[in-house]
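J.:
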Amino acid sequence: MDALNNLAGGFAHVLGGGAIFHALWATLIGIIIGALPGLTATMGVALLTTLTFGMGPDKAMLVLICVYVGAIYGGSRSAILLNIPGTPASAASTLDGFPLARQGLAGRAMGISTTGSWFGTLFGTLILALFAPSFGEFALQFGSYEMFWVALFGIVIAGSLSGGDALKGYIAGFIGLFVATIGQETNHAYPRFAFGNGDLAGGLGLLPVLVGVFGVAEVLSAMRGPAVKAVSSKIDSVIPRIRDVTQYWKTILRSGALGTFIGAMPGLGEDIAAWTSYAAAKRASKEREKYGKGSIEGLMAAETGESACVPGAIIPVLTLAVPGSAPAAVLMAAMMIHGLNPGPMLAITAPEFIYQIVAMLVVADMVKMFYGLVLVRPLLWILLIPRSRLMPIVFVLCTVGAFAITSRLFDIWVMLGAGLLGFVLREFRFPMAPLVLGIVLGDLLDKNLLRGLVLSGGDLTPFFTRPISMGLCALTLLAAAWSIPGLSGIFRRKRAVA
Amino acid sequence: MSDVDAASPFDGEKAPTSPRADLITAAVLFALGVAIVAQAWQMPRFIEQSGTGLTAPGIVPGFYGAVLSLLSVALGLRAIGRGGWVVRGAATGNAADRRQLTTAAALGLVYAGGMVGRVPFWLASALFVFAFTSAFEWDLGKQGRVRRIIEAALIGIGTGVAVMLVFEKLFLLRLP
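One line per chain: the protein sequences are A and B, in this order. Each residue of the first sequence is one higher than the one before, starting from 1 at the first, in the UniProt record's numbering. Each residue of the second sequence is one higher than the one before, starting from 1 at the first, in the UniProt record's numbering.
(1) Just how far apart, CA to CA, sit A:V374 and A:G111?
(2) Write down the C-beta distance between A:G34 and A:Y73 rounded to the nearest angstrom, noting that I regard them as a contact closer than 8 Å.
(3) Could you check where the alpha helix (DSSP H) with A:H13 kicks off and where it finishes?
(4) With DSSP collapsed to three states, give me the class of B:Q39.
(5) Flag this pair as touching only if the segment 42-62 of chain B and the segment 182-195 of chain A have three or more C-beta atom pairs under 8 Å; answer yes or no.
(6) Does any CB atom of chain A fall closer than 9 Å to the CB of B:L23?
(7) Would you decide whether B:R118 is buried or exposed? Buried here means 16 or more other CB atoms lie within 10 Å of its CB.
(8) Take A:Y371 and list the residues in its own chain whose beta-carbon comes closer than 8 Å to its own, dropping the five residues that flank it on each side.
(9) If you measure from the beta carbon of residue 574 of chain A to each beta carbon in chain B, is any gap under 9 Å?
(10) What is the C-beta distance between B:P61 and A:F463, in whole angstroms, given that I count them as a contact (C-beta under 8 Å)?
(11) Which whole-angstrom value is the C-beta distance of A:A402 and B:R174, which I expect to be below 8 Å?
(12) Excluding the 5 residues preceding and the 5 following B:E13 in the sequence, name in chain order all residues of the same chain whose CB lies nearer than 7 Å to its CB.
(13) Whose C-beta lies closer than 6 Å to the C-beta of A:T260 among residues of the same chain, with five residues either side of it excluded?
(14) Are the beta-carbon atoms of A:G143 and A:G452 separated by less than 9 Å?
(15) My understanding is that A:S277 touches A:A301, with C-beta atoms under 8 Å, so please give their C-beta distance in whole angstroms.
(16) Could you give the first and the last residue of the continuous alpha helix (DSSP H) run that contains A:E185?
(17) Three-state secondary structure (DSSP) at A:V497?
(18) Going along chain A in order, which residues have a C-beta closer than 8 Å to the C-beta of B:L101?
(19) Of all Cβ atoms in chain B, is any one closer than 9 Å to the Cβ of A:N187?
(20) Does the segment 134-142 of chain A come within contact of the segment 337-351 of chain A, defined as at least 3 CB pairs closer than 8 Å?
(21) Which residues in the same chain have their Cβ closer than 8 Å to the Cβ of A:D58, if we skip the five residues on either side of it in sequence?
(22) Indicate, with yes or no, if the ligand ZN has a heavy atom lying under 8 Å from the CB of B:G81.
(23) Check each residue of the segment 370-403 of chain A: if its Cβ is closer than 9 Å to any Cβ of chain B, include it; give the result in chain order.
(24) Identify the residues that DSSP records as bridge partners of B:R99: which are they?
(25) Looking at the structure shown, is B:V119 part of a helix, part of a strand, or coil, going by DSSP?
(26) Quick check: the Cα distance between A:L383 and A:N448, rounded to an integer number of angstroms?
(27) Measure the alpha-carbon distance for B:D11 versus A:P85 and round it to whole angstroms.
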């Protein structure tokens with residue numbers, strides 16, 4: 001009953017004071033950002049964080065959640081119409097979305113995408129509402145030792161699974177962790193890696209680094225390489241069909257559950273959720289031969305999975321202060337900037353906040369559905385904006401975003417440096433998710449390792465012997481072992497024999 | 001049929017790099033890891049304050065540096081195993097790609113590193129957007145070039161003014 005009261009309170013709180021207006025413009029911007037190839041949800045949340053500095057925390061979170069939800073959905077527009085995923089999360093949607101568009105069924109494909117995405121976010125939000133409060137209470141048992149393992153587990157699992165090459169994933173994660181150590185540490189205020197520079201001693205701001213890694217690096221990536229000729233088709237009705245939902249309800253539920261679960265795993269993110277949901281749907285399907293040639297079920301699975309991942313990725317943010325995806329990492333950084341303290345203590349200090357987030361997700365989902373039905377042709381025009389006109393504007397917004405938080409020109413240089421680092425790492429196929437996770441989790445890992453060592457008087461055993469610590473340690477080692485080719489082969493062979 | 005002037009930035013993200021490129025990357029990362037460890041080692045230990053030295057500022061970055069070195073050795077060994085020592089990797093991208101990248105990076109550096117803070121922000125942004133758009137649309141052919149340049153100027157001025165109005169006046173943020 002308390003939960004229902006809190007939920008009602010959450011909706012009442014969120015829906016007051018022009019919230020719908022903010023939700024409308026923020027979701028629209030999110031959809032446009034997601035639809036435009038080269039602009040990702042992570043970049044969208046990072047850039048829009050700047051706009052929210054003058055807002056109260058609740059309005060700011062509503063805006064950023066709407067941008068996040070909208071951007072993940074928006075990526076499917078270009079995936080279906082142009083065969084170019086607007087965000088990495090939408091890559092799986094191109095497999096069946098674009099063939100449907102080529103068959104003259106672009107409208108139906110977008111209707112399926114809208115329906116799947118709507119159900120996905122709703123399913124994930126339901127899971128968040130049901131489990132986040134109790135998981136938050138469980139997380140209160142986590143001390144320094146456990147939080148150290150949670151942070152390390154995030155880096156390891158993101159490194160293992162986010163980019164295909166686990167070794168490069170780990171390296172990206174540890175580079176991120178190193179970047180987070182620059183500046184004064186907390187125990188003795190000693191400036192690490194500052195080399196006598198006062199600005200460096202103050203540390204690298206999270207937002208300038210993230211804007212650089214995702215904004216500047218993406219501008220450079222987008223401007224390199226040839227322009228492609230893409231095909232669009234005429235658009236039929238985008239009204240979703242009831243039959244598509246009733247026929248594939250099992251796929252929707254399975255993809256929703258998978259997407260939410262993958263979202264809740266630190267650092268994995270929407271693209272893995274979409275691919276996993278797509279693969280699971282294909283395995284269970286009676287019409288496998290249609291996959292890749294315009295399967296409605298395949299498109300539904302991918303869209304449901306990626307959108308269910310969004311609320312899933314927010315679950316560990318709220319309960320452990322560990323992000324489930326790269327956009328969720330930026331969202332978490334924005335929460336900290338706005339004075340909200342995500343993590344285990346949230347269940348005590350502001351339990352109502354979890355339900356406010358639930359209400360924000362539902363509002364964003366509804367607005368997304370509205371735009372999905374009415375905003376088809378204008379989006380097609382926006383998709384045709386040449387990159388030579390779009391990217392310089394994005395660069396200007398990145399500069400504003402980097403500067404605005406502390407008004408230091410140094411932060412613009414940080415953005416440029418981070419952009420160069422992100423671009424070079426991307427060129428050498430280092431995944432970005434572990435890098436971001438490393439930067440965001442660096443402080444958590446650093447503080448908890450040192451605090452744990454101080455509490456135990458230098459004894460390492462509590463890191464391995466406390467029950468939850470032991471479990472997290474085992475999970476971390478298992479995740480690391482899984483990425484070693486020989487060992488994962490043994491696991492797979494054993495499973496095949498069984 | 002319609003043309004879209006943007007390649008997917010995510011194409012080829014899963015494609016592996018050449019073993020030679022991995023080997024060079026590993027060498028650079030190893031040097032970085034060792035440098036981090038060396039810097040961390042030189043940091044004060046604060047043993048008198050903490051009693052144990054366990055809060056020494058260099059412990060955590062030193063650990064990261066050591067792990068980074070080990071991982072880069074693993075990357076290097078893997079690259080050698082794949083022929084990185086003997087096989088030369090093909091140069092990535094063609095001359096046009098490199099020219100586009102250099103142009104974008106140079107314009108971005110001049111704008112963010114040189115003009116911002118010295119020139120009024122709206123003017124710097126307008127000039128940057130104009131220069132960027134004009135530079136990348138110059139090669140589209142003589143036909144319509146004047147029109148494209150006029151459009152670039154209008155987009156530049158529009159961006160500069162809109163950014164100032166939205167961020168400074170509407171959202172009350174300080175601009176550089």
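Virtual Cβ for every residue (Gly too), placed ideally from N, Cα, C.
T.: According to the data block:
(1) Straight-line Cα distance between these residues: approximately 11 Å.
(2) 6 Å
(3) First-last of the alpha helix (DSSP H) with A:H13: D2 to V14.
(4) In this structure, B:Q39 counts as helix in the three-state DSSP scheme.
(5) Contact between the segment 42-62 of chain B and the segment 182-195 of chain A is present, because at least three Cβ pairs lie under 8 Å.
(6) no
(7) exposed
(8) T27, L28, I31 and G70
(9) Lying before the first or after the last residue shown, residue 574 of chain A is absent from chain A, which here runs from 1 to 498.
(10) Incorrect: roughly 19 Å between the Cβ atoms, too far for contact.
(11) Not quite, the Cβ-Cβ distance comes to about 13 Å (not below 8 Å), so this is no contact.
(12) Residue confidence is low: B:E13 scores 49 on pLDDT, short of 50, so the model does not pin down where it sits. Its coordinate-derived value is still stated next. Taken in chain order, the list of residues that qualify is empty.
(13) G124, I127, A308 and G312
(14) Contact flag set, yes.
(15) 5 Å
(16) Segment: none, A:E185 is in no alpha helix (DSSP H) and carries neither H nor E.
(17) Unreliable positioning characterises A:V497 in this predicted model, as indicated by a pLDDT of 48, which lies under 50. The coordinate reading is nonetheless provided below. In the structure shown, A:V497 sits in a helix (DSSP, three-state: H, G or I).
(18) L220, M223 and R224
(19) Taking 9 Å as the threshold, the shortest C-beta distance from A:N187 to chain B falls below it.
(20) Taking 8 Å as the limit for Cβ pairs, the verdict is that the segment 337-351 of chain A does touch the segment 134-142 of chain A.
(21) H13, V14 and Q356
(22) The ligand ZN is not among the ligands present in this structure, which contains no ligands whatsoever.
(23) L380, L383, L384, I385, P386, R387, S388, R389, L390, M391, P392, I393, F395, V396, L397, C398, T399, V400, A402 and F403
(24) Per DSSP, none; premise fails for B:R99.
(25) strand
(26) The alpha-carbon atoms of A:L383 and A:N448 are separated by roughly 46 Å.
(27) Because B:D11 sits at a pLDDT of 46, beneath the cut-off of 50, its placement in the model cannot be relied upon, and the following sentence gives the value as read from the coordinates. Between B:D11 and A:P85, the alpha-carbon positions lie close to 9 Å from each other.
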